[in-house]
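Student:
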Amino acid sequence: MKTILILMDTLQRKMIHAYNPGSEAITPNIDRLAARSVVFDQHYIGSAPCMPARRDILTGRLNFLERNWGSVEPFDVTFPALLRQRGVFSHMVTDHYHYTELGGEGYLQQYNTWELFRGQESDPWASRVRDPEMPAEFTGRVNRQNLLNRAQYHTDADYPTPKTFAAAAQWLRDNEGADNFFLQVEVFDPHEPFETTEEFKKLYPDGFKGLYDWPRYAEMGEQETPEAIRHLRNLYMATLTMADKWLGKLLDEMDRQSLWEDTLVIFTSDHGHMLGEHHRTGKNLFHAWNEMAQIPLFVHLPGDERAGERINAVTQNIDLFPTVLQWFGAEKELESVPYPVHGRNLLPLLKGETEKVRDYALYGWFGQPVNITDGQYTYFRAAVPENAPLYWYGSILTTFPRYLGKGLPDGALTAGDYLPWAGMPVYRIDQAAVNRLAAPVMAKMGMKPDPDLQTSRLFDIRTDNDQLHPVADPGLEEKMVEALVETMQAHGAPQEQYARLGLEGYLR
Numbered sequence: 001m002k003t004i005l006i007l008m009d010t011l012q013r014k015m016i017h018a019y020n021p022g023s024e025a026i027t028p029n030i031d032r033l034a035a036r037s038v039v040f041d042q043h044y045i046g047s048a049p050c051m052p053a054r055r056d057i058l059t060g061r062l063n064f065l066e067r068n069w070g071s072v073e074p075f076d077v078t079f080p081a082l083l084r085q086r087g088v089f090s091h092m093v094t095d096h097y098h099y100t101e102l103g104g105e106g107y108l109q110q111y112n113t114w115e116l117f118r119g120q121e122s123d124p125w126a127s128r129v130r131d132p133e134m135p136a137e138f139t140g141r142v143n144r145q146n147l148l149n150r151a152q153y154h155t156d157a158d159y160p161t162p163k164t165f166a167a168a169a170q171w172l173r174d175n176e177g178a179d180n181f182f183l184q185v186e187v188f189d190p191h192e193p194f195e196t197t198e199e200f201k202k203l204y205p206d207g208f209k210g211l212y213d214w215p216r217y218a219e220m221g222e223q224e225t226p227e228a229i230r231h232l233r234n235l236y237m238a239t240l241t242m243a244d245k246w247l248g249k250l251l252d253e254m255d256r257q258s259l260w261e262d263t264l265v266i267f268t269s270d271h272g273h274m275l276g277e278h279h280r281t282g283k284n285l286f287h288a289w290n291e292m293a294q295i296p297l298f299v300h301l302p303g304d305e306r307a308g309e310r311i312n313a314v315t316q317n318i319d320l321f322p323t324v325l326q327w328f329g330a331e332k333e334l335e336s337v338p339y340p341v342h343g344r345n346l347l348p349l350l351k352g353e354t355e356k357v358r359d360y361a362l363y364g365w366f367g368q369p370v371n372i373t374d375g376q377y378t379y380f381r382a383a384v385p386e387n388a389p390l391y392w393y394g395s396i397l398t399t400f401p402r403y404l405g406k407g408l409p410d411g412a413l414t415a416g417d418y419l420p421w422a423g424m425p426v427y428r429i430d431q432a433a434v435n436r437l438a439a440p441v442m443a444k445m446g447m448k449p450d451p452d453l454q455t456s457r458l459f460d461i462r463t464d465n466d467q468l469h470p471v472a473d474p475g476l477e478e479k480m481v482e483a484l485v486e487t488m489q490a491h492g493a494p495q496e497q498y499a500r501l502g503l504e505g506y507l508r
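So the sequence shown is numbered by UniProt numbering: it starts at 1 and just counts up by one.
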């Protein structure tokens, strides 16, 4: 048994021809993989952004109802650890540098071996005492460390994502003929900044003058002109095309070894990105629009079984946990997990044995609206005005990019058996106190929550997948609220979440 999981960070689904035939992005290798795969049309995030999504995938449980960005917890049971018990060798190759930062502890260590390529975004990699020459004018953001990092790249082969795909292909060559392995190939591109070589930029020409490859996380302002947004989208596509070229090196190696005959291949992302849609750029501070929440999922079955077919059932990222374990026959290991796993095995869908594995997908960002979809309707449930009570739960007091617990007022941090499923005491932190401490940093970065988060929204995504026209139907909203409460209960949401969302009257 062999499995390869390919995860491309920040991949907006609309850029992929399998979902949007009119996409301007040049991605022949993603297209090539999609043609050999089953394509899932209603696949969603669970928690976002980066590390919350990865904890979802590793554990089969939603992170965002209990905490923000953080480490693997001591009480977490991950699928690579269970595969190891089963005798399956796992390897991770990645350029996702957040794994090496505060709040990223414990992820890479779940695999038998791992390889990391440095230099993405603000990774403290290129070391220079003197400051780089900073641009006099720019749109969006620039960063000292990133300018140092990007100065080290001269051809596309120098960039971290190409190095990652090349290393994955080399790993397959080094292990040619091996069986019983799980290979995770996780690349940071097309995450911002959208920076690549002229070879790829020339594929998407425009007349914009100046530097704009790192968008703000904000509602668009005067600087985000239509010309600037067109340029930003072009650079996103150029970065994606570079990544796609090097994905092709991995697929070529699969061709050479005929791995398509006996290997399960999963292709997905952690979340998408706003590139001017809804008059916004970035992520994290807005409603979980489909540009961020609806993500790609292709599954190649050995021998190209069902290649080109589509599945319209609602699925989400936590479903990869039981799917991978069941694929390797790790039923005993799955049953040994000492707490409820909320992911659903996708193999019955892939085999045509059932038409659905879940009624709803529940998803969101910690401390923001909680969202639910049944594949036809999507409901964003906003919090009460004070967005409280809200608590962070965990046993390791780190988040991006700092330690938690310092400077909190008396009573804001306590410990106890707050998560019954964890089997051990955990810390509980009043998130309002954390937010007050973080406010100066957020203000310096120009990041503030979108006022629109205070409004609940309902959409019919079968007729309005872009979510431009909210539905005003009190009866339908009531049904979605009831489904939201029931689904949150099934996921073991902390009790105070119902109060924060104004849902206490729906509890039974």
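Ideal placement from N, C-alpha and C gives every residue a C-beta, glycine not left out.
#1: Within the chosen definition, does the region 365 to 385 reach the region 328 to 346 through at least 3 CB pairs nearer than 8 angstroms?
#2: Looking at the secondary structure, which residues open and close the beta strand (DSSP E) in which residue 6 lies?
#3: Have a look at residue 188 and residue 462 and give me their C-alpha separation to the nearest angstrom.
#4: When you compare each of 81, 104, 284 to residue 113 by their alpha carbons, which one comes out closest?
#5: Name the two residues that bound the continuous beta strand (DSSP E) containing residue 222.
#6: Are residue 365 and residue 284 touching if we call contact CB-CB under 8 angstroms?
#7: Does residue 252 come out as helix, strand or coil in the three-state DSSP assignment?
#8: Scan the region 51 to 113 and note each continuous beta strand (DSSP E) run of 3 residues or more that stays entirely inside, going in chain order.
#9: Would you give the residue range spanned by the alpha helix (DSSP H) that residue 498 belongs to?
#10: How far does the alpha helix (DSSP H) with residue 434 in it reach, from first residue to last?
#11: So if DSSP puts residue 399 in a beta bridge, which residue, or which two residues, is it bridged to?
#12: I need the boundaries of the beta strand (DSSP E) containing residue 327, first residue and last residue.
#13: Taking 8 angstroms as the threshold (C-beta atoms), are residue 160 and residue 211 in contact?
#14: Quick one: is residue 109 buried, meaning 16 or more other Cβ sit within 10 Å of its Cβ, or exposed?
#15: Give, in chain order, every unbroken run of the beta strand (DSSP E) that is at least 3 residues long and sits entirely within the region 162 to 212.
#16: Where DSSP assigns a beta bridge to residue 274, which residues make up the other side?
#17: Of the residues 430, 416, 367, 475, which one's Cα is nearest the Cα of residue 48?
#18: So, helix, strand or coil for residue 123, using DSSP?
#19: Within 8 angstroms, do at least three Cβ pairs link the region 429 to 436 to the region 400 to 419?
#20: How big is the Cα-Cα spacing for residue 164 and residue 186?
#21: For residue 219, which residues of its own chain have a beta-carbon under 7 angstroms away from its beta-carbon, when the five flanking residues on both sides are left out?
#22: Do you know offhand how far residue 217's Cα is from residue 180's?
#23: With 16 other CB atoms within 10 Å as the buried threshold, where does residue 42 fall?
#24: Check residue 365 in the structure and name its three-state DSSP category.
#25: At a cut of 8 angstroms, does the region 187 to 204 reach the region 239 to 251 through at least three beta carbon pairs?
#26: According to DSSP, residue 371 sits in a beta bridge with which residue or residues?
#27: Got a sec, what are the start and stop residues for the beta strand (DSSP E) residue 264 sits in?
#28: Decide if residue 13 is buried, meaning its Cβ has at least 16 other Cβ atoms within 10 Å, or exposed.
#29: Report all residues from its chain with a CB closer than 7 angstroms to the CB of residue 70; omit the five preceding and five following residues, and keep chain order.
#30: Contact check, residue 381 vs residue 358 under 8 angstroms by CB: the rounded distance?
#31: Would residue 362 and residue 491 qualify as a contact pair, given that the criterion is a beta-carbon distance under 8 angstroms?
#32: Whole angstroms are fine: how far does the CA of residue 127 sit from the CA of residue 296?
#33: Rounded to whole angstroms, what is the Cα-Cα separation between residue 401 and residue 194?
#34: I believe residue 36 touches residue 307 by the beta-carbon criterion, under 8 angstroms. Please report the beta-carbon distance rounded to the nearest angstrom.
#35: According to DSSP, what are the bridge partners of residue 491?
#36: Flag this pair as yes or no: are the beta carbons of residue 500 and residue 387 separated by less than 8 angstroms?
Tutor: In terms of the structure at hand:
#1: no
#2: Position 6 of the sequence shown, counted from the first residue, corresponds to residue 6. Its beta strand (DSSP E) spans residues 2 to 8.
#3: The residue labelled residue 188 in the question sits at position 188 within the sequence shown. The residue labelled residue 462 in the question sits at position 462 within the sequence shown. Straight-line Cα distance between these residues: approximately 31 angstroms.
#4: For this step, residue 113 is matched to residue 113 along the sequence shown. Residue 113 has its Cα closest to that of 81, out of 81, 104, 284.
#5: Sequence index remark: in the sequence shown, residue 222 carries index 222 (1-based). Per DSSP, residue 222 belongs to no beta strand (DSSP E) and is neither H nor E.
#6: Working through the sequence shown from its first residue, we reach residue 365 at position 365. Working through the sequence shown from its first residue, we reach residue 284 at position 284. Contact flag set, yes.
#7: Walking along the sequence shown from the start, residue 252 turns up at place 252. If DSSP states are grouped into helix, strand and coil, residue 252 belongs with the helices.
#8: 89 to 94
#9: As a working note, residue 498 is residue 498 in the sequence shown. Per DSSP, residue 498 belongs to the alpha helix (DSSP H) from 496 to 500.
#10: Here the question's residue 434 lines up with position 434 in the sequence shown. First-last of the alpha helix (DSSP H) with residue 434: 431 to 444.
#11: In the sequence shown, residue 399 corresponds to position 399, counting from 1. Residue 399 pairs with 402.
#12: Numbered from 1 along the sequence shown, position 327 holds the residue referred to as residue 327. Looking at the DSSP string, residue 327 is not in any beta strand (DSSP E); the run it does join, the alpha helix (DSSP H), is 320 to 327.
#13: Against the sequence shown, residue 211 aligns to sequence position 211. Against the sequence shown, residue 160 aligns to sequence position 160. No, the pair does not count as a contact, with Cβ atoms beyond the cut-off.
#14: On the sequence shown, residue 109 is found 109 positions in, with the first residue counted as 1. Result: exposed.
#15: 181 to 187
#16: Position 274 of the sequence shown, counted from the first residue, corresponds to residue 274. Beta-bridge analysis with DSSP links residue 274 to 282.
#17: If you number the sequence shown from 1, residue 48 lands on position 48. Taking only the C-alpha atoms, the option nearest residue 48 is 367.
#18: In the sequence shown, residue 123 corresponds to position 123, counting from 1. In this structure, residue 123 counts as coil in the three-state DSSP scheme.
#19: yes
#20: For the purposes of this step, residue 164 is taken as residue 164 along the sequence shown, with counting starting at 1. For the purposes of this step, residue 186 is taken as residue 186 along the sequence shown, with counting starting at 1. Going by the C-alpha atoms only, they are around 8 angstroms apart.
#21: For the purposes of this step, residue 219 is identified with residue 219 of the sequence shown, where counting begins at 1. Excluding the 5 residues flanking it on each side, residue 219 has same chain C-beta neighbours closer than 7 angstroms at 279, 280, 450, in chain order.
#22: Numbered from 1 along the sequence shown, position 217 holds the residue referred to as residue 217. Numbered from 1 along the sequence shown, position 180 holds the residue referred to as residue 180. Between residue 217 and residue 180, the C-alpha separation is close to 42 angstroms.
#23: Within the sequence shown, numbered from 1, the residue matching residue 42 stands at position 42. Burial call: buried.
#24: Indexing the sequence shown from 1 puts residue 365 at position 365. Of the three classes helix, strand and coil, the one that applies to residue 365 here is strand, per DSSP.
#25: yes
#26: Against the sequence shown, residue 371 aligns to sequence position 371. In the DSSP output, where bridge partners are listed per residue, residue 371 has 363, 380.
#27: Position 264 of the sequence shown, counted from the start, is the residue given in the question as residue 264. 263 to 268 is the extent of the beta strand (DSSP E) around residue 264.
#28: Counted from its first residue, the sequence shown places residue 13 at position 13. Taking every protein chain shown into account, the CB of residue 13 has 16 or more other CB atoms within 10 angstroms, so this residue is buried.
#29: To locate residue 70, count along the sequence shown from 1; it is residue 70. 51, 103, 394, 396, 398, 399, listed in sequence order.
#30: Counted from its first residue, the sequence shown places residue 381 at position 381. Counted from its first residue, the sequence shown places residue 358 at position 358. With 8 angstroms as the limit, residue 381 and residue 358 do not qualify as a contact, their Cβ atoms being about 18 angstroms apart.
#31: Position 362 of the sequence shown, counting from 1, holds the residue named residue 362. Position 491 of the sequence shown, counting from 1, holds the residue named residue 491. Contact flag set, yes.
#32: Numbered from 1 along the sequence shown, position 296 holds the residue referred to as residue 296. Numbered from 1 along the sequence shown, position 127 holds the residue referred to as residue 127. Answer to the nearest angstrom: the Cα atoms are 36 angstroms apart.
#33: As a position in the sequence shown, residue 401 is number 401, starting the count at 1. As a position in the sequence shown, residue 194 is number 194, starting the count at 1. C-alpha separation (whole angstroms): 22 angstroms.
#34: Within the sequence shown, residue 36 is the residue found at index 36, counting from 1. Within the sequence shown, residue 307 is the residue found at index 307, counting from 1. Rounded, the Cβ-Cβ distance is 5 angstroms, consistent with contact.
#35: The residue you call residue 491 lines up with position 491 of the sequence shown. In DSSP, residue 491 forms no bridge with anything.
#36: Residue mapping note: residue 500 aligns to position 500 of the sequence shown, counting from 1. Residue mapping note: residue 387 aligns to position 387 of the sequence shown, counting from 1. Their beta carbons are under 8 angstroms apart, which means residue 500 touches residue 387 by this criterion.
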